Amino acid sequence: MKAIILCAGKGTRLRPLTFTSAKQLIPVANKPVILYSIEKIKEAGINEIGMIVNTENIQAFQETLGDGSDFGIKLSYIIQADPKGLAHAVSTAKDFLDGEPFLMYLGDNLIQENLVTFVKDFEREKLNASILLTPVDDPSRFGVAVVNGNTISKVVEKPQNPPSNLAIIGVYIFDSSIFDGITNIKPSWRGEYEITDAIQYLIEHNYKVQGHIIYGWWKDTGRPEDLLEANRRILENVKHSKKMGIINGSTKIEGHILIEEGVEIVNSVIRGPVSIDRNSTIINSYIGPYTSIGKNVIIENAEVENSILLENAVVRNLGVRIDASIIGKNANVSSIDKKPKVHNFIIGDYSSIKLG
643 MKAIILCAGK GTRLRPLTFT SAKQLIPVAN KPVILYSIEK IKEAGINEIG MIVNTENIQA
703 FQETLGDGSD FGIKLSYIIQ ADPKGLAHAV STAKDFLDGE PFLMYLGDNL IQENLVTFVK
763 DFEREKLNAS ILLTPVDDPS RFGVAVVNGN TISKVVEKPQ NPPSNLAIIG VYIFDSSIFD
823 GITNIKPSWR GEYEITDAIQ YLIEHNYKVQ GHIIYGWWKD TGRPEDLLEA NRRILENVKH
883 SKKMGIINGS TKIEGHILIE EGVEIVNSVI RGPVSIDRNS TIINSYIGPY TSIGKNVIIE
943 NAEVENSILL ENAVVRNLGV RIDASIIGKN ANVSSIDKKP KVHNFIIGDY SSIKLG
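Be aware that the sequence shown starts at 643, since it is given in the numbering used here, and climbs by one per residue.
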């Protein structure tokens with residue numbers, strides 16, 4: 643069995659971060675989201691993966707992942723030049739898949755579930771399609787499935803009046819019959835070829851389509867608040883402290899933390915769970931729980947908690963604590979230490995700033 647990971651979307655809900663990086667490459671707990679997806683696929687025993695990307699982000703993925711050998715996989719890149727929906731994305735991978743069954747994974751999803759049982763059930767039951775489902779409070783935001791036992795009798799994309807509360811959460815297994823479905827559907831009202839329409843075709847033509855319901859944590863990391871929640875969830879599982887940096891004697895460290903090589907912490911308080919990546923510097927500052935600090939970050943005379951700071955960010959001399967924030971690569975947040983006291987901004991498109 644092969645796998646494909648869909649990463650060709652523009653990530654508009656995460657702008658301005660996604661103007662310079664694909665959303666799947668944004669780090670959560672100092673690791674790109676896409677690596678969590680790859681780990682789940684490897685756990686299921688699948689090592690050959692097709693990464694569906696677009697012409698704008700392929701270079702960023704290649705720079706981060708290469709041919710996959712550093713991560714124990716064989717990675718191919720497949721261009722979806724003009725994204726027209728999930729079913730269209732699958733169609734671009736037809737030659738790569740070469741008739742084999744495959745696991746399809748939306749690249750911005752984080753799930754807790756081990757996929758081994760999901761894969762084994764598909765193989766044992768000789769299914770044509772199997773879909774991960776989970777109960778949600780607001781099913782109108784998702785594709786929704788109706789099930790009888792394990793068999794799916796109907797799927798609907800983002801219905802106004804959901805027929806069930808079982809959301810399709812972005813992990814699927816198909817055999818080659820899904821291409822029959824894709825060939826026989828038309829664009830939806832959104833102008834996209836919906837994978838739910840292709841699945842519905844299989845259902846209506848008596849293919850074996852089942853649902854696999856999970857109840858563990860999962861998250862679509864398509865919005866800033868989703869990234870922050872995912873960051874909190876992952877940091878909660880930091881069960882040990884690793885201190886590889888230089889820690890000044892006056893610094894106070896509490897809770898579970900990860901401090902990588904080259905980090906320097908001077909006269910500060912670090913209260914975990916916290917992850918601090920290589921070569922960052924923290925001086926006269928407070929770092930509170932659920933904070934991830936990327937490589938080469940400088941924090942001086944500031945307080946930060948429940949936030950994500952990407953590499954090379956600088957935070958200095960702030961009179962208020964930063965909370966529930968994402969600070970991008972090479973960003974600089976500091977106060978002006980002179981009269982008159984003013985706010986001075988250079989703000990990119992789609993930015994969000996809230997002043998206390």
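For every residue, glycine included, the Cβ atom is placed at its ideal position computed from N, Cα and C.
These figures come from a predicted structure and were not determined experimentally.
Hey, residue i and residue j: beta-carbon distance below 8 Å or not?
{"i": "Val813", "j": "Asn751", "result": "yes"}
{"i": "Ser830", "j": "Gly741", "result": "no"}
{"i": "Thr734", "j": "Ile700", "result": "no"}
{"i": "Cys649", "j": "Ile676", "result": "yes"}
{"i": "Arg913", "j": "Gly930", "result": "yes"}
{"i": "Leu870", "j": "Ala966", "result": "yes"}
{"i": "Gly887", "j": "Val905", "result": "yes"}
{"i": "Ile964", "j": "Val946", "result": "yes"}
{"i": "Phe784", "j": "Lys800", "result": "yes"}
{"i": "Asn938", "j": "Ser922", "result": "yes"}
{"i": "Ile721", "j": "Gly692", "result": "no"}
{"i": "Lys850", "j": "Phe744", "result": "no"}
{"i": "Leu728", "j": "Leu717", "result": "no"}
{"i": "Gln754", "j": "Trp859", "result": "yes"}
{"i": "Thr697", "j": "Ala731", "result": "no"}
{"i": "Thr759", "j": "Val797", "result": "no"}
{"i": "Lys736", "j": "Phe821", "result": "yes"}
{"i": "Lys684", "j": "Gly714", "result": "yes"}
Where DSSP assigns a beta bridge to residue i, which residues make up the other side?
{"i": "Leu752", "result": "Lys861"}
{"i": "Pro725", "result": "DSSP, once it has assigned bridges, lists no residue as partnering Pro725."}
{"i": "Val956", "result": "Ile940, Asn974"}
{"i": "Val788", "result": "Lys796"}
{"i": "Thr893", "result": "In the DSSP output, where bridge partners are listed per residue, Thr893 has none listed."}
Counting along the chain, where does the beta strand (DSSP E) carrying residue i start and finish?
{"i": "Ile856", "result": "It is not in any beta strand (DSSP E) - Ile856 carries neither H nor E in the DSSP assignment."}
{"i": "Gly823", "result": "Gly823 -> not in any beta strand (DSSP E); alpha helix (DSSP H) instead, spanning 820-825."}
{"i": "Asn873", "result": "Segment 866-878 is the alpha helix (DSSP H) holding Asn873; no beta strand (DSSP E) there."}
{"i": "Ser976", "result": "974-976"}
{"i": "Glu945", "result": "945-947"}
{"i": "Asp645", "result": "In the sequence under discussion, the amino acid at residue 645 is Ala, which differs from the Asp named in the question. From DSSP, the beta strand (DSSP E) with Ala645 extends over 644-648."}
{"i": "Thr793", "result": "793-799"}
{"i": "Leu739", "result": "Leu739 -> not in any beta strand (DSSP E); alpha helix (DSSP H) instead, spanning 736-739."}
{"i": "Tyr814", "result": "808-816"}
{"i": "Glu902", "result": "That residue, Glu902, is in no beta strand (DSSP E); it is neither H nor E in DSSP."}
{"i": "Val695", "result": "690-695"}
{"i": "Ala1006", "result": "Here the chain comprises residues numbered 643 to 998, so residue 1006 is not present and cannot be evaluated."}
{"i": "Ser910", "result": "No beta strand (DSSP E) contains Ser910, which DSSP labels as neither H nor E."}
{"i": "Val962", "result": "Val962 -> no beta strand (DSSP E), and no H or E assigned at all."}
{"i": "Ile935", "result": "933-935"}
Can you list, in chain order, the residues of its chain with a C-beta nearer than 6 Å to that of residue i? Leave out the 5 residues immediately preceding and following it.
{"i": "Ser927", "result": "Ser910, Ile941, Ala944"}
{"i": "Leu757", "result": "Lys682, Ala686"}
{"i": "Ile773", "result": "Ile810, Tyr814, Gly853"}
{"i": "Ala955", "result": "Val939, Ile969, Ala973"}
{"i": "Ile925", "result": "Val908, Glu942"}
{"i": "Lys726", "result": "Glu834, Tyr835"}
{"i": "Phe764", "result": "Ser772, Ile815"}
{"i": "Val761", "result": "Ala686"}
For residue i, which residues of its own chain have a beta-carbon under 7 Å away from its beta-carbon, when the five flanking residues on both sides are left out?
{"i": "Asn826", "result": "Tyr843"}
{"i": "Lys894", "result": "Val911"}
{"i": "Gly823", "result": "Ala840, Ile841, Tyr843, Leu844"}
{"i": "Ile876", "result": "Val670, Ala671"}
{"i": "Thr933", "result": "Val916, Val946, Glu947, Asn948, Ser949"}
{"i": "Thr792", "result": "As written in the sequence, residue 792 is Asn, which differs from the Thr given in the question. Cβ within range, chain order: Gln852, Gly853."}
Check for me: the alpha helix (DSSP H) holding residue i runs from which residue to which?
{"i": "Leu757", "result": "That residue, Leu757, is in no alpha helix (DSSP H); it is neither H nor E in DSSP."}
{"i": "Ser679", "result": "675-685"}
{"i": "Ile924", "result": "Here Ile924 belongs to no alpha helix (DSSP H); instead the beta strand (DSSP E) covers 923-925."}
{"i": "Leu844", "result": "837-846"}
{"i": "Ile700", "result": "700-707"}
For residue i, I'd like the list of residues in its chain whose CB is within less than 8 Å of its CB, leaving aside the five on either flank, ordered along the chain.
{"i": "Ser795", "result": "Val788, Val789, Ile845"}
{"i": "Leu775", "result": "Ala787, Val789, Leu808, Ala809, Ile810, Ile811, Gly853, His854, Ile855, Ile856"}
Checklist entry - Using 8 Å as the Cβ pair cut-off and three pairs as the minimum, do the region 806-814 and the region 780-790 touch? => result yes
Next on the checklist: Three Cβ pairs or more, each shorter than 8 Å: is that satisfied between the region 664-684 and the region 851-867?
Outcome noted: yes
Checklist entry - Would you call the region 883-903 and the region 965-977 touching, i.e. three or more CB-CB distances under 8 Å? => result no
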